[in-house]
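Participant: In this note's numbering, each residue carries its 1-based index in the sequence shown increased by 238. Built from N, CA and C at the ideal position, the CB exists for glycine as well. Can you keep this structure in mind? I'll have questions shortly.
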Amino acid sequence: MNDAASALVIDLVQEFITFLNSRSPGWIKGYYRFRAEEARHGANASYTTASDVQLIGAVKASPLYAAMNETGSALLRALGKETGVFLLTVDTGAQYDIRFDWDDLDRWRITKLDGGTGLPAGA
Numbered sequence: 239m240n241d242a243a244s245a246l247v248i249d250l251v252q253e254f255i256t257f258l259n260s261r262s263p264g265w266i267k268g269y270y271r272f273r274a275e276e277a278r279h280g281a282n283a284s285y286t287t288a289s290d291v292q293l294i295g296a297v298k299a300s301p302l303y304a305a306m307n308e309t310g311s312a313l314l315r316a317l318g319k320e321t322g323v324f325l326l327t328v329d330t331g332a333q334y335d336i337r338f339d340w341d342d343l344d345r346w347r348i349t350k351l352d353g354g355t356g357l358p359a360g361a
């Protein structure tokens, strides 16, 4: 990963942790999934607490998604990509992991529909 992309990942981590700390002081792990294809992009996210998994709604958290999606798009451009998906995982100790997939744009879906848990599928 180049320096510009690394800096953007750190920006994503800091933005997400700041949001989670302000929204749910008892959060344990957070997941942010970004997907881009053909000039469109979108994201969804969730976090765990000691007792459950909470989805982060796009309407109530629109400032978070606006900022994170802009940075996510910039990250893909910094990596020379226009299409792809990434999953950012953070924890309360500021440890993080980011994974990319350039081919399977359905990878790591976050949902509670159709029996989903709210955790990234297959992560």
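#1: In terms of alpha-carbon separation, which member of Val323, Pro358, Val291 and Arg261 lies closest to tryptophan 340?
#2: In the DSSP output, which residue or residues are listed as bridge partners for isoleucine 257?
#3: Roughly how many angstroms lie between the CA atoms of alanine 316 and serine 289, to the nearest whole one?
#4: Put glycine 331 into one of helix, strand or coil per three-state DSSP.
#5: If we call anything under 7 Å between Cβ atoms a contact, is glutamate 253 one with alanine 304?
#6: If I measure Cβ to Cβ from arginine 337 and keep anything under 6 Å in the same chain, skipping five residues before and after, which residues do I get?
#7: Please list the terminal residues of the continuous beta strand (DSSP E) segment that includes arginine 271.
#8: Look up glycine 315 in the DSSP assignment and say whether it is helix, strand or coil.
#9: Which residues in the same chain have their Cβ closer than 7 Å to the Cβ of leucine 246, if we skip the five residues on either side of it in sequence?
#10: Alpha carbon to alpha carbon, how far is asparagine 259 from glycine 273? Give it in angstroms, no decimals.
#11: Here's the rule I'm using: 16 or more other beta-carbon atoms within 10 Å means buried, otherwise exposed. How should alanine 283 be labelled?
#12: Give me, in chain order, the residues of the same chain whose beta-carbon lies closer than 6 Å to that of arginine 345; leave out the 5 immediate sequence neighbours on both sides.
Facilitator: So, from the listed chains and residues:
#1: Val323
#2: Before going further, note that residue 257 is phenylalanine rather than isoleucine in the sequence given. According to DSSP, which records beta bridges pairwise, phenylalanine 257 is partnered with nothing at all.
#3: 38 Å
#4: coil
#5: no
#6: Leu325
#7: 267-275
#8: According to the sequence provided, residue 315 is arginine. The question's glycine does not apply to it. Reduced to three states, the DSSP call for arginine 315 is helix.
#9: Thr309, Ala312, Leu313 and Ala316
#10: The sequence shown places arginine at residue 273, not glycine. About 24 Å.
#11: buried
#12: Val323 and Asp339
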